Amino acid sequence: MIPGPAARADDAPDPVAAADPAPAREAPVDQTSIAEPGADDDRVFLDALSSVLAGWGIALDPRQFSLLLSHFRAVVETNRVMNLTRIVSPADAAVMHVADALSVVAWAATEPRIPAAANVLDVGTGAGFPAVPVAIARPAWRVTAIDGTGKKAAFVDRTAASLGLSNVRVLHARAEHAASTGEYDLVLARAVAKLDPLLTWLAPWARVGGFIVAYKNAELTPDEAGAGAALASRLGLVETEGYSYILPDESGPARRRLRIYVRGPGAGQGAPGARSRRPHGRTGTRTHQHKERGRGRR
Ligand code: SAM
667 MIPGPAARAD DAPDPVAAAD PAPAREAPVD QTSIAEPGAD DDRVFLDALS SVLAGWGIAL
727 DPRQFSLLLS HFRAVVETNR VMNLTRIVSP ADAAVMHVAD ALSVVAWAAT EPRIPAAANV
787 LDVGTGAGFP AVPVAIARPA WRVTAIDGTG KKAAFVDRTA ASLGLSNVRV LHARAEHAAS
847 TGEYDLVLAR AVAKLDPLLT WLAPWARVGG FIVAYKNAEL TPDEAGAGAA LASRLGLVET
907 EGYSYILPDE SGPARRRLRI YVRGPGAGQG APGARSRRPH GRTGTRTHQH KERGRGRR
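In the working numbering, the protein residues as written are 667 to 964.
Below is the structure:
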């Protein structure tokens, strides 16, 4: 894991973040860590997930499903000692976490402006959503996951390493305190904050013409919608029509929407995270290496 260059003092005590500035991710894959479906829970997870993805036209191979299952297992296991999520039942996690995370892949298939080897940032990744499922489903994308909580960033880093995900790197920092690079084709945030201030944190990381994607419920409160629209306008972000989808849920279909913005020239100016356009500290030297070296609130 890569410590963010401008992490706050209250983020500093994380020993993992401090110890490992730029790990090469070339260790052999531990095949034993990749799940073989077997137990009933695994079957429930895989059935629920494959049913949603098939409906969205997302085709994954058995190894990709196994990797998604392994990530889920790691989340459940670690959740015993660290508060990662409330959703741990296999069917719920498959739909409400993993499929939800992959809605961006369904949208991206409809958006020709996204490069085949997209450079993607997930702000506030928590247990690795959406970063890890996205990196598994789209191995050609280079995915950076950032979280302000050191233990969560360390969890994602460990898990991505154990799964052999060569297209994932992890930063421990708050997005608005790290020196942003304005290099990403896609900047994602799921269940992190209301649009205001969220857009302020995300905008400086996107390249001009890049997309900012906030995972939200279909309907925003009038307050959030109004404040979000005003902030987007101030930041020079152009909101697109977004991407609406439905997640099957026992208590009824959950209606979701990706709020999607395009960064225009000058966007993010004046935002706290926009204070630098240079590569972010020590991590900057790795930004074009990580493809090869690899693993190295609504
Ligand atoms: N995105 C994950 C998901 O959908 O399950 C995690 C959601 S969790 C509710 C919010 C996460 O965002 C936490 O892990 C928190 O540490 C992180 N976070 C909140 N604000 C942040 C910021 N400004 N920069 C980086 N991480 C942030």
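C-beta atoms are modelled at their ideal positions from N, C-alpha and C, and glycine is treated no differently.
Predicted model only: the values in this text are computed from it and were never measured.
Short note on residue 812: C-beta closer than 7 Å to some heavy atom of the ligand SAM. Using a Cβ distance threshold of 8 Å, residue 929 and residue 869 count as a contacting pair.
In this model, residue 910 and residue 824 are separated by some 33 Å (Cα to Cα). Secondary structure of residue 840 (DSSP, three-state): coil.
By a beta-carbon distance limit of 8 Å, residue 835 does not contact residue 884. Their separation comes to about 32 Å. Beta-bridge partners of residue 910 (DSSP): 923. Exposed is the label assigned to residue 899, since fewer than 16 other Cβ atoms lie within 10 Å of its Cβ. In the structure shown, the three-state DSSP call for residue 829 is coil. Contact between residue 822 and residue 807 does not hold, since the beta-carbon distance rounds to 16 Å and is not under 8 Å.
Annotation for residue 853: the continuous beta strand (DSSP E) segment containing it runs 850–856.
In terms of Cβ geometry, residue 849 and residue 873 form a close pair [threshold 8 Å]. DSSP, reduced to helix, strand and coil, places residue 815 outside both helices and strands of the structure shown, so it counts as coil. Around the beta carbon of residue 728, fewer than 16 other beta carbons lie within 10 angstroms, which makes this residue exposed.
The stretch 797–812 and the stretch 746–758 do not touch, with fewer than 3 CB-CB distances between them shorter than 8 Å.
Residue 711 sits away from residue 726, with the two beta carbons spaced by 8 Å or more.
Looking at the DSSP output, residue 877 shares a beta bridge with 852 and 928. The Cβ atoms of residue 770 and residue 800 lie closer than 8 Å to each other. Per DSSP, the unbroken beta strand (DSSP E) holding residue 785 starts and ends at 785–789. From the listed residues 927, 827 and 815, the smallest Cα separation to residue 864 is found for 927. The nearest non-hydrogen atom of the ligand SAM is 7 Å or more from the C-beta of residue 741. For the pair residue 917 and residue 758, the Cα-to-Cα distance works out to about 11 Å.
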